[in-house]
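Numbering (the working numbering), first residue to last: 823 to 1260. We put the beta carbon where it would ideally sit given N, CA and C, even for glycine. Predicted, not measured: the structure shown is a model, and the values here were computed from it. Following: one structure in structure tokens, then a few remarks.
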């Protein structure tokens, strides 16, 4: 590991190495291609960035590292992180995303950055114009690979890999797998190693999976009621943009101002402002679609709400992975009636236990309040909801911790758990003059 990166990690407060960072470091540093599967929020960006930056040897006029992202927001998020790390060792990075001025991007390429972070469409456009050359690439990173290696983006990505040298290092990273990932060597002419740390990853904090019984017509009022919980903050997921827009209009019409939206139909500036306001706390409920929110990282996000239930377990995994990151606690709250619950229970199977939650004044509890004699419609299946936490000896809901236990509060400030220090072994990279043992 480079001394510069060791010092940067100390300044950033990094105290441990996650499973995915530990397992892919040596293969990527050695130039071997990998598919890294790890839960959302487990540090995949640092996992590929650190070893691949160490490998870079500048080639005049050509880029050495290409990072592909599924959305402009995620590309900019990764670009900012990569830029901070790259400048520590004298490297430069640029972003190339759709919606931004392509002439300015072409001018940036003339400055010969070593790293380009971008979206597939804009990268393809720059290649077609003859402004971006991939012939000297050392590595290609395909982030959110289960999303990018599907439908319209799979073939352009394969074309980019074909333009690169035969020995280019491929790094594919995802929280879930699809058919292309499971058969990756058939799609790319390389021997790519699969590294799946899902079962050994311990970066996740305690996550509570809750269900609130509510009819569709009363869901907007339920969101308003959640805002009455002190410091409550959440991403609110929708399947359809039309439902999102209608719900947003419903709440703003009621003069509820602490809500925002993030959709692919908005302008780049509007999406940027929505994310900024959410991170700063000006917005406490940010309504999003799965496409718009893919991969976006919100530090210390205490809760996720499924306004519309996910259609498959992979979508649920991506949504819920936004909270309970890096040993924080989190709440995944799903809204629906008894029919929704029955279908939802079948979707998740036995691997996820749901806790039915209720409102008691301005707090969420897992025990029905005495005044609530007749709750929302309940079917036979809903009686099978398990109040698993009420039998647990673990700490229950206290102020600032979204954990469920009888008669205690769910609020939004997660508690950091104590972390164990893991020493990261030093390995030699290609930049010998910067190695820590010099």
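Item                                                                                                                                                               : Value
Whole beta strand (DSSP E) runs in the segment 1118 to 1163 with 3 or more residues, listed along the chain?                                                       : 1125 to 1128, 1152 to 1158
Could you pull out every residue in the same chain whose Cβ sits closer than 8 Å to the Cβ of residue 1041, ignoring the five residues on either side in sequence? : 1069, 1129, 1157
In the DSSP assignment, what are the bridge partners of residue 888?                                                                                               : 938, 962
Please classify residue 1074: does DSSP put it in a helix, a strand, or coil?                                                                                      : helix
In terms of residues, what are the limits of the beta strand (DSSP E) holding residue 836?                                                                         : Note, residue 836: premise wrong, no beta strand (DSSP E); not H, not E.
Does the Cβ-Cβ distance between residue 864 and residue 840 come in under 7 Å?                                                                                     : yes
Taking 7 Å as the threshold (C-beta atoms), are residue 1127 and residue 1050 in contact?                                                                          : no
In terms of alpha-carbon separation, which member of 1082, 999, 1146, 925 lies closest to residue 860?                                                             : 999
Is there contact between the segment 1104 to 1114 and the segment 984 to 992, where contact requires at least three CB pairs shorter than 8 Å?                     : no
In whole angstroms, what is the alpha-carbon distance linking residue 1088 and residue 892?                                                                        : 16 Å
Between the alpha carbons of residue 1058 and residue 1100, how many angstroms are there, rounded?                                                                 : 12 Å
Who are the near neighbours of residue 895 in its chain, counting only those whose CB is closer than 7 Å to its CB and skipping five residues on each side?        : 1093, 1097, 1118
What residue does the alpha helix (DSSP H) around residue 1058 start on, and which one ends it?                                                                    : No alpha helix (DSSP H) contains residue 1058, which is instead part of the beta strand (DSSP E) from 1056 to 1060.
If you draw a straight line from the alpha carbon of residue 1060 to that of residue 1163, how long is it in whole angstroms?                                      : 16 Å
Since residue 888 contacts residue 962 with CB under 8 Å, what's their CB separation in whole angstroms?                                                           : 5 Å
What does the alpha-carbon distance come out to for the pair residue 1114 and residue 1063?                                                                        : 10 Å
If contacts are defined as beta-carbon pairs under 8 Å, then residue 997 and residue 867 qualify, I think. What distance do you get, rounded to the angstrom?      : Actually they do not touch by this definition, with Cβ atoms about 13 Å apart.
Quick one, which of 852, 854, 1001 has its alpha-carbon nearest residue 969's?                                                                                     : 1001
What is the rounded straight-line gap between the Cα of residue 862 and the Cα of residue 842?                                                                     : 11 Å
Comparing C-alpha positions only, which one of 1172, 1179, 918, 913 sits nearest to residue 899?                                                                   : 918
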